[in-house]
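Quick note on our numbering: the sequence shown kicks off at 56 and runs consecutively. Cβ atoms here follow ideal geometry from the backbone N, Cα and C, with glycine treated the same way.
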Amino acid sequence: MNQLALFSNILRAFCFLAALNLPAWAGSAAAQGQSGTPVHDIRMTLKKYEYQPNEIRVKQGERVRIVLTALDRKHGFQIKEMGINTEVEKGKETVVEFVASQAGEFQFGCSVFCGLGHRRVKGTLIVEPASSSP
């Protein structure tokens, strides 16, 4: 029984120390992405039946960071092909980050019912092919 108690205490201590270091580990991963991959920052507002801007152009391979702000009510932001689907609370910023790994045009839309014009809340993400270097 003593060995079990000792093991339990060691396990608790390890979990506690690991939890203390999580912010540092997360910061390291973010810094690596920032230093190695270009970041394309976009600020987007969401309001009754529209995204502003409703067209985003980025280069293939870029890290994209979209800061979303809902002005009038809760909205959603979804790019199905990239597995992105988040809710944006009124007056709060929500950050979406991803790498634009595939060239093409991708439609984004509102994934939270926001009224009768909900279906027309759309926009386009255009990922231009990476330029080939000689």
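Beta-carbon gap between residue i and residue j smaller than 8 Å
{"i": "Ala158", "j": "Glu117", "result": "no"}
{"i": "Leu123", "j": "Glu148", "result": "yes"}
{"i": "Gly178", "j": "Gln133", "result": "no"}
{"i": "Ala125", "j": "Glu105", "result": "no"}
{"i": "Val167", "j": "Glu142", "result": "yes"}
{"i": "Arg112", "j": "Val94", "result": "no"}
Span of the beta strand (DSSP E), counted from its first residue to its last, around residue i
{"i": "Gln115", "result": "Element bounds for Gln115: n/a, residue is neither H nor E."}
{"i": "Leu126", "result": "Premise fails: Leu126 is in no beta strand (DSSP E) and is neither H nor E."}
{"i": "Arg197", "result": "The displayed coordinates of the chain run from 56 to 189. Any statement about residue 197 would go beyond what the structure contains."}
{"i": "Glu183", "result": "177–183"}
Cβ shell of residue i (< 6 Å), same chain only, five flanking positions each side left out
{"i": "Ser186", "result": "none"}
{"i": "Val150", "result": "Val122"}
{"i": "Met137", "result": "Phe153"}
{"i": "Lys103", "result": "Asp127"}
{"i": "Asn140", "result": "Gln133, Ser166"}
Beta-carbon proximity list for residue i, same chain, < 8 Å, skipping 5 on both sides
{"i": "Pro108", "result": "Ile97, Met99, Gly178"}
{"i": "Lys129", "result": "Glu142, Val143, Glu144, Lys145, Val167, Cys169"}
Distance cut-off 7 Å: residue i Cβ against heavy atoms of the ligand MN
{"i": "Ala185", "result": "What this structure holds is no ligand at all, so the ligand MN is not there to describe."}
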